[in-house]
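Peer 1: Note that full-length UniProt numbering has the sequence shown beginning at 1, numbered continuously upward.
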Amino acid sequence: MNTYISAQQTFSEEKKAIRKTGVLIVNLGTPDSPSVPDVRKYLRQFLMDERVIDIPYVNRWLLINLIIAPFRAPKSAKIYKQLWRPDGSPLKIYGFSVKEKLQRVLGDDYIVELAMRYQSPSIESGLKALRKHTLSEIVVVPFFPQYASASTGSVYKEVMEVVKDWEVLPEIRFVNRFLDHPKFIEGFANLGKKYMAQREYDHFVFSYHGLPERQITKGDVTGNFCQFGTCCDKLDERNQHCYRAQCFETTRLLVKEMQIPEGKYTTCFQSRLGKNPWIKPYTDEVIPELTKKGVKNALAFSPAFVADCLETTIEVGEEYKEIFEKAGGQHWQLVESLNDSDIWIEALEDLITKPAV
């Protein structure tokens, strides 16, 4: 009997020894530099994704290549220059730092690679690097807390496009979302509490990246549940994949963790593009309304992002601060993202090693 148990233990140890897991962490992307040509190249790749701008190809090509990229690139390049650090893009800097920290935490049984959905390092290059190893599994972690077709869904599609012709395919597991992961919530809440200990805030703004309403409607498999109203008041099996509902749920979890009273917070959406309706309320319209109600000190969160970038540092941190102050507000404070914090590394370790059942 003891011989049998010993043989089983030896087999398990040998199996463990040959099992290696690849980890591909993926963020949205960033231009290679803040120069106009590099920004234009980034915008073209990003906005030509059919999951980002979901209109017919010819219309999309004309819109991006003849209107948006030529005219928006010079303006965006100026903003990227404000954001850029001496050693590069913050999004990429934090990405490589997370990769290194996560590799140390996970150890030799894991191989971690960083990729960007758009530009470099590409998903293709990340998967190519992982393919060199004898892997039992690849875990893909899109850095988007809430699922959306234009972000997480696009990563899924690109990964499968790259691996579809591989002769040998290891098991591939995707992390779909992590808005309710305890360490994700705790991480943002702790950052918020740091500022709340320094000053009294009379309102809390939770600003998420927006999406066109048509993309939310297309994702409603019931065909009739999504009404852009009370349907987002709770997250259940009917709207579990709805980006807007997931954002409201993220706010509820953060508010509970920070013990923010009802009536003292707002969920809203930023970064809209074009004239078609996007999910509401719009952050830039919410802010003046808050000041009319007497709000003087506001603490702003961007919980759709895990690393500081143009949409957080510049849009929420500076542009919305200017709107707030011009409308009569006194103090606007952006809560930074999780970036490469220890609690974010702990959250990632959990997501990779303890898959949800």
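Even glycine gets a Cβ: it sits at the ideal position worked out from N, Cα and C.
Within 10 angstroms of the Cβ of residue 37, are there 16 or more other Cβ atoms? Answer buried if so, exposed if not.
Peer 2: Taking every protein chain shown into account, the CB of residue 37 has fewer than 16 other CB atoms within 10 angstroms, so this residue is exposed.
Peer 1: Run through the DSSP bridge pairs and tell me what residue 203 is partnered with.
Peer 2: 298
Peer 1: Which of the three DSSP states is assigned to residue 46 in this structure?
Peer 2: helix
Peer 1: Checking 8 Å against the spacing of the C-beta atoms, do residue 279 and residue 211 come in under that value?
Peer 2: yes
Peer 1: Tell me, which residues are paired with residue 160 by DSSP?
Peer 2: Paired residue(s): none; residue 160 is not in a bridge.
Peer 1: Does DSSP put residue 30 in a helix, a strand or coil?
Peer 2: coil
Peer 1: Are residue 440 and residue 236 closer than 8 Å when you measure CB to CB?
Peer 2: In the structure displayed, the chain extends from 1 to 357; residue 440 sits before or after that span and is not available.
Peer 1: Using CA coordinates, which residue listed in 213, 238, 178, 100 is at the minimum distance from residue 225?
Peer 2: 238
Peer 1: If you draw a straight line from the alpha carbon of residue 172 to that of residue 122, how long is it in whole angstroms?
Peer 2: Near 18 Å, if we compare the C-alpha coordinates of residue 122 and residue 172.
Peer 1: Going by C-alpha to C-alpha distance, which of 328, 347, 332 sits closest to residue 306?
Peer 2: 347
Peer 1: Tell me where the beta strand (DSSP E) around residue 100 begins and ends.
Peer 2: Not the beta strand (DSSP E): residue 100 falls in the alpha helix (DSSP H), residues 90 to 106.
Peer 1: Check whether the segment 138 to 145 touches the segment 39 to 50, taking contact to mean three or more Cβ pairs, one atom from each stretch, closer than 8 Å.
Peer 2: no
Peer 1: Starting from residue 118, follow the beta strand (DSSP E) in both directions and report where the run begins and ends.
Peer 2: 110 to 118
Peer 1: For residue 168, collect the residues of the same chain with a Cβ closer than 7 Å to its Cβ; drop the 5 residues on either side in sequence, then sort them by chain order.
Peer 2: Cβ within range, chain order: n/a, list empty.
Peer 1: Taking 7 Å as the limit between beta carbons, can you name the residues of its chain near residue 49, skipping five residues before and five after?
Peer 2: 154
Peer 1: For residue 83, name the three-state secondary structure that DSSP assigns.
Peer 2: helix
Peer 1: Are there 16 or more other CB atoms within 10 angstroms of the CB of residue 14, so buried, or fewer, so exposed?
Peer 2: Residue confidence is low: residue 14 scores 46 on pLDDT, short of 50, so the model does not pin down where it sits. No coordinate-derived value is stated.
Peer 1: Should residue 223 go down as buried or exposed, given a rule of 16 or more other Cβ atoms within 10 Å for buried?
Peer 2: exposed
Peer 1: Would you mind sorting residue 85 into buried or exposed? The rule is 16 or more other CB atoms within 10 Å of its CB.
Peer 2: exposed
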